[in-house]
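Asker:
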Amino acid sequence: MDGRCFALFLGSQRSWTRPALDPAAADKFREQCSRHRFDSAHILPHGSYLMNCGSPKEDVLEKSRVLLVEELSRCSRLGLSLYNFHPGSSLGSISTEQCVQRIATSINNAHQKTPAVVTVLENMSGQGSTVGGNFPELKSIIDKVRDQSRMGVCLDTCHAFANGYDLSAEGGVKAMLNEFDQEVGLQYLKAVHLNDSKGKLGCNLDRHEDIGKGHIGISAFRDIMNEPRLDHIPLILETPGR
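Residue numbers (UniProt numbering): 1 to 242.
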(Lines of atoms letter the chains of each structure in order from A and count residues from 1; the text may use other names and numbers.)
(Lines give C-alpha, C1' and ligand atoms only; values in the text may rest on other atoms or scores of the structure.)
Protein backbone atom coordinates (compact mmCIF):
# COMPACT_ATOMS: atom_id res chain seq x y z
CA MET A 1 0.00 0.00 0.00
CA ASP A 2 3.01 2.30 0.51
CA GLY A 3 1.26 4.13 3.33
CA ARG A 4 3.12 7.05 4.87
CA CYS A 5 1.13 7.37 8.10
CA PHE A 6 -0.44 5.13 10.72
CA ALA A 7 -2.27 5.11 14.04
CA LEU A 8 -1.75 2.98 17.13
CA PHE A 9 -2.84 2.53 20.71
CA LEU A 10 -0.26 2.93 23.45
CA GLY A 11 -1.74 0.24 25.67
CA SER A 12 -4.84 -1.77 26.47
CA GLN A 13 -8.13 0.07 26.00
CA ARG A 14 -9.55 -1.90 28.93
CA SER A 15 -7.09 -0.76 31.57
CA TRP A 16 -6.38 2.50 33.38
CA THR A 17 -2.76 1.50 33.93
CA ARG A 18 0.16 0.94 31.60
CA PRO A 19 3.03 -1.50 32.14
CA ALA A 20 6.48 0.05 32.21
CA LEU A 21 7.78 0.80 28.73
CA ASP A 22 10.81 -1.36 27.95
CA PRO A 23 13.63 1.03 26.89
CA ALA A 24 14.87 -1.53 24.36
CA ALA A 25 11.39 -1.79 22.81
CA ALA A 26 11.12 2.01 22.66
CA ASP A 27 14.50 2.24 20.95
CA LYS A 28 13.48 -0.47 18.47
CA PHE A 29 10.25 1.37 17.66
CA ARG A 30 12.12 4.60 16.98
CA GLU A 31 14.68 2.73 14.88
CA GLN A 32 11.99 1.06 12.75
CA CYS A 33 10.12 4.33 12.23
CA SER A 34 13.34 5.94 11.03
CA ARG A 35 14.23 2.97 8.85
CA HIS A 36 10.84 3.02 7.12
CA ARG A 37 10.82 6.82 6.94
CA PHE A 38 7.75 7.47 9.02
CA ASP A 39 7.72 11.11 10.08
CA SER A 40 6.63 11.57 13.70
CA ALA A 41 4.07 14.15 12.51
CA HIS A 42 2.43 11.39 10.45
CA ILE A 43 2.02 8.90 13.32
CA LEU A 44 -1.15 9.40 15.34
CA PRO A 45 -1.44 7.53 18.64
CA HIS A 46 -5.06 7.26 19.79
CA GLY A 47 -5.92 7.89 23.41
CA SER A 48 -7.68 5.45 25.69
CA TYR A 49 -11.46 5.27 25.33
CA LEU A 50 -11.68 5.02 29.13
CA MET A 51 -10.49 8.60 29.59
CA ASN A 52 -12.95 11.41 30.20
CA CYS A 53 -10.90 14.53 30.84
CA GLY A 54 -14.07 16.56 31.38
CA SER A 55 -15.83 14.12 33.68
CA PRO A 56 -18.04 15.44 36.50
CA LYS A 57 -17.04 12.33 38.49
CA GLU A 58 -13.95 13.25 40.48
CA ASP A 59 -12.52 9.72 40.58
CA VAL A 60 -12.83 9.28 36.80
CA LEU A 61 -11.45 12.77 36.22
CA GLU A 62 -8.39 12.06 38.37
CA LYS A 63 -7.71 8.69 36.69
CA SER A 64 -8.12 10.34 33.28
CA ARG A 65 -5.61 13.05 34.15
CA VAL A 66 -3.08 10.51 35.42
CA LEU A 67 -3.48 8.42 32.26
CA LEU A 68 -3.19 11.46 29.99
CA VAL A 69 0.16 12.34 31.56
CA GLU A 70 1.34 8.73 31.26
CA GLU A 71 0.36 8.50 27.59
CA LEU A 72 2.02 11.81 26.68
CA SER A 73 5.16 10.66 28.49
CA ARG A 74 5.05 7.41 26.55
CA CYS A 75 4.71 9.32 23.27
CA SER A 76 7.80 11.31 24.16
CA ARG A 77 9.82 8.17 24.91
CA LEU A 78 8.70 6.65 21.59
CA GLY A 79 9.71 9.76 19.64
CA LEU A 80 6.11 10.64 18.74
CA SER A 81 5.02 14.25 18.41
CA LEU A 82 1.20 13.90 18.35
CA TYR A 83 -1.40 12.38 20.67
CA ASN A 84 -5.05 12.20 19.58
CA PHE A 85 -7.89 11.77 22.06
CA HIS A 86 -11.62 12.31 22.56
CA PRO A 87 -12.07 15.51 24.58
CA GLY A 88 -14.65 14.30 27.09
CA SER A 89 -18.28 14.21 28.17
CA SER A 90 -20.38 16.11 30.68
CA LEU A 91 -22.45 12.94 31.28
CA GLY A 92 -25.40 15.34 31.32
CA SER A 93 -24.71 16.43 34.89
CA ILE A 94 -22.60 19.57 34.35
CA SER A 95 -22.81 22.32 31.74
CA THR A 96 -20.85 22.23 28.50
CA GLU A 97 -18.87 25.25 29.74
CA GLN A 98 -17.92 23.43 32.95
CA CYS A 99 -16.90 20.36 30.97
CA VAL A 100 -14.80 22.49 28.61
CA GLN A 101 -13.01 24.03 31.59
CA ARG A 102 -12.26 20.60 33.06
CA ILE A 103 -10.87 19.39 29.74
CA ALA A 104 -8.64 22.45 29.40
CA THR A 105 -7.43 22.08 33.00
CA SER A 106 -6.60 18.43 32.31
CA ILE A 107 -4.57 19.45 29.26
CA ASN A 108 -2.79 22.28 31.08
CA ASN A 109 -1.85 19.85 33.86
CA ALA A 110 -0.52 17.31 31.36
CA HIS A 111 1.44 19.93 29.43
CA GLN A 112 3.08 21.11 32.64
CA LYS A 113 4.25 17.57 33.44
CA THR A 114 5.35 16.43 29.97
CA PRO A 115 7.53 17.80 27.16
CA ALA A 116 6.66 18.89 23.65
CA VAL A 117 4.01 16.38 22.49
CA VAL A 118 1.02 18.05 20.80
CA THR A 119 -2.38 17.12 22.27
CA VAL A 120 -4.80 16.61 19.36
CA LEU A 121 -8.53 16.96 20.05
CA GLU A 122 -10.79 14.78 17.92
CA ASN A 123 -14.11 16.27 16.81
CA MET A 124 -17.03 14.22 18.10
CA SER A 125 -20.31 13.11 16.53
CA GLY A 126 -22.45 14.85 19.15
CA GLN A 127 -23.72 11.54 20.49
CA GLY A 128 -24.98 11.76 24.06
CA SER A 129 -23.31 14.47 26.14
CA THR A 130 -19.91 14.45 24.43
CA VAL A 131 -18.15 17.79 24.06
CA GLY A 132 -16.18 18.90 21.00
CA GLY A 133 -18.61 17.98 18.26
CA ASN A 134 -18.73 21.39 16.62
CA PHE A 135 -15.87 23.71 15.78
CA PRO A 136 -16.74 26.46 18.30
CA GLU A 137 -16.57 23.92 21.14
CA LEU A 138 -13.15 22.72 19.99
CA LYS A 139 -11.95 26.32 19.83
CA SER A 140 -13.34 27.05 23.29
CA ILE A 141 -11.12 24.27 24.69
CA ILE A 142 -8.05 25.51 22.80
CA ASP A 143 -8.67 29.07 24.01
CA LYS A 144 -8.42 27.91 27.63
CA VAL A 145 -5.12 26.07 27.15
CA ARG A 146 -2.05 28.05 28.15
CA ASP A 147 0.40 26.57 25.61
CA GLN A 148 -1.61 26.62 22.40
CA SER A 149 1.48 25.65 20.38
CA ARG A 150 0.88 22.17 21.81
CA MET A 151 -2.72 21.98 20.61
CA GLY A 152 -4.15 20.42 17.47
CA VAL A 153 -7.34 18.95 16.00
CA CYS A 154 -8.04 15.69 14.19
CA LEU A 155 -11.09 15.93 11.93
CA ASP A 156 -13.09 12.71 11.75
CA THR A 157 -15.26 12.75 8.61
CA CYS A 158 -17.96 10.48 10.05
CA HIS A 159 -18.17 12.55 13.24
CA ALA A 160 -18.32 15.81 11.28
CA PHE A 161 -21.11 14.51 9.02
CA ALA A 162 -23.05 13.15 12.00
CA ASN A 163 -22.77 16.59 13.60
CA GLY A 164 -24.28 18.33 10.59
CA TYR A 165 -21.31 19.24 8.38
CA ASP A 166 -22.58 18.14 4.96
CA LEU A 167 -19.58 16.55 3.28
CA SER A 168 -21.88 14.77 0.84
CA ALA A 169 -22.93 18.04 -0.81
CA GLU A 170 -21.10 19.40 -3.84
CA GLY A 171 -18.24 21.48 -2.45
CA GLY A 172 -18.96 20.16 1.04
CA VAL A 173 -15.33 19.34 1.86
CA LYS A 174 -14.12 22.80 0.90
CA ALA A 175 -16.98 24.39 2.82
CA MET A 176 -16.14 22.41 5.96
CA LEU A 177 -12.45 23.31 5.76
CA ASN A 178 -13.33 26.97 5.19
CA GLU A 179 -15.55 26.90 8.27
CA PHE A 180 -12.87 25.13 10.28
CA ASP A 181 -10.34 27.77 9.26
CA GLN A 182 -12.71 30.55 10.26
CA GLU A 183 -13.81 29.02 13.58
CA VAL A 184 -10.61 27.27 14.73
CA GLY A 185 -7.74 27.93 12.31
CA LEU A 186 -6.13 25.56 9.81
CA GLN A 187 -2.85 25.84 11.70
CA TYR A 188 -4.42 23.53 14.29
CA LEU A 189 -5.38 20.79 11.81
CA LYS A 190 -2.96 17.92 12.44
CA ALA A 191 -4.78 14.85 11.05
CA VAL A 192 -7.94 13.50 9.41
CA HIS A 193 -9.75 10.25 10.21
CA LEU A 194 -11.30 8.99 6.97
CA ASN A 195 -14.63 7.27 7.61
CA ASP A 196 -17.91 7.07 5.79
CA SER A 197 -21.04 7.21 7.97
CA LYS A 198 -23.71 4.59 8.59
CA GLY A 199 -25.95 7.37 9.91
CA LYS A 200 -27.56 10.20 7.98
CA LEU A 201 -26.49 13.84 8.07
CA GLY A 202 -26.93 15.31 11.55
CA CYS A 203 -27.81 11.98 13.18
CA ASN A 204 -25.21 12.43 15.97
CA LEU A 205 -24.38 8.71 15.76
CA ASP A 206 -20.76 7.55 15.89
CA ARG A 207 -21.17 4.74 13.36
CA HIS A 208 -18.29 4.36 10.92
CA GLU A 209 -18.77 2.81 7.48
CA ASP A 210 -16.39 1.74 4.72
CA ILE A 211 -15.47 4.45 2.23
CA GLY A 212 -18.18 4.94 -0.39
CA LYS A 213 -20.67 2.64 1.33
CA GLY A 214 -22.25 5.17 3.68
CA HIS A 215 -24.24 8.38 3.52
CA ILE A 216 -21.21 10.60 2.84
CA GLY A 217 -20.46 8.86 -0.46
CA ILE A 218 -17.33 8.40 -2.54
CA SER A 219 -17.28 11.90 -4.11
CA ALA A 220 -16.40 13.56 -0.81
CA PHE A 221 -13.39 11.30 -0.37
CA ARG A 222 -12.20 12.09 -3.90
CA ASP A 223 -12.44 15.76 -2.95
CA ILE A 224 -10.43 15.12 0.22
CA MET A 225 -7.67 13.37 -1.74
CA ASN A 226 -7.52 16.32 -4.16
CA GLU A 227 -7.70 19.06 -1.50
CA PRO A 228 -4.33 20.91 -1.46
CA ARG A 229 -4.84 22.08 2.13
CA LEU A 230 -4.59 18.43 3.19
CA ASP A 231 -1.46 17.60 1.20
CA HIS A 232 0.81 17.21 4.23
CA ILE A 233 -1.82 16.05 6.73
CA PRO A 234 -1.94 12.35 7.75
CA LEU A 235 -5.15 10.73 6.47
CA ILE A 236 -5.98 7.66 8.53
CA LEU A 237 -8.68 5.06 7.91
CA GLU A 238 -10.88 3.94 10.81
CA THR A 239 -13.35 1.94 8.72
CA PRO A 240 -14.95 -1.39 9.72
CA GLY A 241 -13.18 -3.13 6.83
CA ARG A 242 -15.40 -6.18 6.79
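Backbone N, C-alpha and C fix where the C-beta goes; we use that ideal spot for every residue, glycine too.
Please report the straight-line C-alpha distance between P136 and E238, rounded to a whole angstrom.
Answerer: Cα-Cα distance, rounded: 24 Å.
Asker: According to DSSP, is K200 part of a helix, a strand, or is it coil?
Answerer: It is coil, neither helix nor strand.
Asker: Examine the Cβ distances between the segment 47-61 and the segment 4-18 and report whether three or more of them are shorter than 8 Å.
Answerer: When Cβ pairs closer than 8 Å are counted between the two stretches, the segment 47-61 is seen to touch the segment 4-18, the count reaching three or more.
Asker: So which of G132, Y83, R102 has the shortest CA-CA distance to P234?
Answerer: Y83
Asker: What does the Cβ neighbour count give for T130, buried or exposed, with the cut at 16 atoms within 10 Å?
Answerer: buried
Asker: Answer with buried or exposed for T17, where buried requires no fewer than 16 other C-beta atoms within 10 angstroms of its C-beta.
Answerer: exposed
Asker: Answer yes or no: do A110 and V60 have a C-beta to C-beta separation smaller than 8 Å?
Answerer: no
Asker: Considering only C-alpha positions, which residue in the set P23, C5, Y188, R222 is nearest to E122?
Answerer: Y188
Asker: Quick check on the DSSP output: the beta strand (DSSP E) that includes P136 runs from which residue to which?
Answerer: Per DSSP, P136 belongs to no beta strand (DSSP E); it is in the alpha helix (DSSP H), 135-143.
Asker: If you draw a straight line from the alpha carbon of K198 to that of S168, how long is it in whole angstroms?
Answerer: 13 Å
Asker: Return the CA-CA distance between I211 and A160, expressed in angstroms with no decimal places.
Answerer: 15 Å
Asker: May I ask you to report which of helix, strand or coil DSSP gives C5?
Answerer: coil
Asker: Please name the residue, chosen from D181, R102, Q182, that lies closest to V145 on a Cα-to-Cα basis.
Answerer: R102
Asker: Among the residues of its own chain, which have a CB less than 8 Å from the CB of L186, if the five just before and after it don't count?
Answerer: L177, F180, R229
Asker: Do you know how far the Cα of S76 is from the Cα of I43?
Answerer: Their Cα atoms are separated by approximately 13 Å.
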